[in-house]
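Student: Numbering (our numbering), first residue to last: 13 to 385. The beta-carbon is built from N, C-alpha and C at its ideal position, and this holds for glycine as well. Small disclaimer: the values here were computed from a predicted structure and weren't measured. What follows is a single structure, and I will ask about it in a moment.
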Ligand code: NPQ
Ligand code: MG
């Protein structure tokens, strides 16, 4: 198929509660949405970039200008594109996997809608609903933390993930364990906030029977994670370090982790995410699907991915209501700790045009008028 135009939208979705991690706090999700208009019909994607480069190197206005100046012109000048060819066509551009992933995903959505096939079918899903967990930001107090966790457990979440940082680690984990017991499926995410010098502090977490400890050290510190893995009984899970199937292969070979959090955007899209899944499955390493505060568009695609065989731990997908009072698609709801995998063509969701227009703060259609392509 040929791409006729690409529409970029920036929409601001207020969060129901501020979300704080060791990397910073946010009150809303400023989402970058991509709509491709092709000879086979349209497709949508949610670009996972944050509005600032505090969590990942890519960020919203950078991704927007990269798409406008390089990625979209390259795709539009290709004689024909399919999702499977996107990474190759965009190969001359180094890095920027999140921006590339969004374009690949929108094209895949258009392709699958035209073929009347769902993401789940296409990716090889083996379940029609997936168990999900919730990621709990760093609150102001232990009392507030306990209150939030209690609320999520009442809603039916199957697994709790606490965001930690030096000074907010042992105490909150102990408090949650004491309040909710040993059977609670509990894990922690440091978002790179520690160094190997604090291994002794992380070792103190071993007594709490966590499912895993996510990304304690810097993204590029695979050797450090391998060393730490030898010092702890708690399983190490990597998130920020998993930037490609090759990075995942290196992490597994080095023994840097024994669980992997797959963020499809960071590895360059759903095709690469499936490759990471397959690689981990071949090594007997369980995976789960991470979350980037996606709108319903990204949430739908993540649900399809999380329905693959080796996604054997509950992911950070969560119901829409965990994050947003109002979304640009119909909300995803929690039923008995699970969310149903969409089964319609493509991602299976429909964007609500009125809500999207109301929340949109920037809109641009590419190629820009007057541009020579
Ligand atoms: C994680 N997600 O697992 C991330 C952190 C995160 C659900 O904990 C904008 C873009 C906001 C990316 C907030 C969860 C984000 C973001 C949090 C990623 O590490
Ligand atoms: Mg993480």
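Which term fits residue 362, buried or exposed, when burial requires 16 or more other beta carbons within 10 angstroms of its beta carbon?
Tutor: exposed
Student: In chain order, what residues of the same chain have a beta carbon less than 8 Å from the beta carbon of residue 194, not counting five sequence neighbours either side?
Tutor: If we look at residue 194 and ignore the five residues flanking it on each side, its Cβ neighbours are 221.
Student: Against chain C, with Cβ distances strictly below 9 Å, would residue 332 count as a contact?
Tutor: Of the chains in the structure shown, none is chain C; there is only one protein chain.
Student: Using C-beta distances below 6 Å, list every residue in its chain close to residue 344, excluding the 5 sequence neighbours before and after it, in chain order.
Tutor: 311, 331, 332, 351
Student: Buried or exposed: which applies to residue 105, given that a residue is buried once 16 or more other Cβ atoms fall within 10 Å of its Cβ?
Tutor: exposed
Student: According to DSSP, simplified to helix, strand and coil, what is residue 112?
Tutor: helix
Student: Taking the continuous beta strand (DSSP E) assigned at residue 43, which residues delimit it?
Tutor: 36 to 50
Student: At what residues does the beta strand (DSSP E) containing residue 249 begin and finish?
Tutor: 248 to 250
Student: First and last residue of the alpha helix (DSSP H) that includes residue 81?
Tutor: Looking at the DSSP string, residue 81 is not in any alpha helix (DSSP H), and its letter there is neither H nor E.
Student: Report whether the distance from the Cβ of residue 223 to the nearest heavy atom of the ligand NPQ is below 8 Å.
Tutor: no
Student: I'd like the span of the beta strand (DSSP E) that includes residue 16, first residue to last.
Tutor: Here the beta strand (DSSP E) through residue 16 covers 15 to 33.
Student: For residue 266, which of helix, strand or coil comes out of DSSP?
Tutor: Residue 266 falls in the helix class under three-state DSSP.
Student: Taking the DSSP output, what are the residues bridged to residue 350?
Tutor: 143, 347
Student: For a test of your reading of the model: does the CB of residue 314 fall under 8 Å from any non-hydrogen atom of the ligand MG? Yes or no.
Tutor: no
Student: Output the distance between the C-alpha atoms of residue 213 and residue 183, rounded to the nearest integer angstrom.
Tutor: Here the alpha carbons of residue 183 and residue 213 stand approximately 12 Å from one another.
Student: Decide if the region 231 to 239 is in contact with the region 75 to 89; the criterion is three or more beta carbon pairs, one per stretch, under 8 Å apart.
Tutor: Here the region 231 to 239 makes no contact with the region 75 to 89; the two share fewer than three CB pairs at distances below 8 Å.
Student: Determine which residues share a DSSP beta bridge with residue 377 and list them.
Tutor: 19
Student: Considering only residues of the region 48 to 72, which uninterrupted beta strand (DSSP E) runs meet the minimum length of 3 residues and lie entirely inside it, listed in chain order?
Tutor: 53 to 59
Student: Distance, Cα to Cα, residue 118 vs residue 131?
Tutor: 11 Å
Student: Can you round the beta-carbon distance between residue 59 and residue 44 to whole angstroms, since I take them to be within the 8 Å contact cut?
Tutor: Right, the Cβ-Cβ distance comes to about 4 Å (below 8 Å), so this counts as a contact.
Student: In three-state DSSP terms, what is residue 240?
Tutor: helix
Student: On a Cα-Cα basis, can you pick out the residue from 171, 367, 35 that is closest to residue 202?
Tutor: Of the listed residues, the one whose Cα sits closest to residue 202 is 35.
Student: Is the separation between the beta-carbon of residue 21 and that of residue 378 shorter than 9 Å?
Tutor: no
Student: Can you list the alpha helix (DSSP H) stretches of 4 or more residues lying completely in the region 273 to 302, in chain order?
Tutor: 276 to 279, 282 to 294
Student: Any contact of the region 292 to 299 with the region 108 to 115, i.e. 3+ C-beta pairs under 8 Å?
Tutor: The region 292 to 299 is not in contact with the region 108 to 115.
Student: Mapping the DSSP letters down to three states, classify residue 177 as helix, strand or coil.
Tutor: strand
Student: With distances taken Cα to Cα, identify the nearest neighbour of residue 66 among 49, 54, 37.
Tutor: It is 37.
Student: Can you check whether the CB of residue 173 is closer than 9 Å to the CB of residue 196?
Tutor: no
Student: Please return the same chain residues whose Cβ sits closer than 7 Å to the Cβ of residue 167, not counting the five positions on each side in sequence.
Tutor: 346
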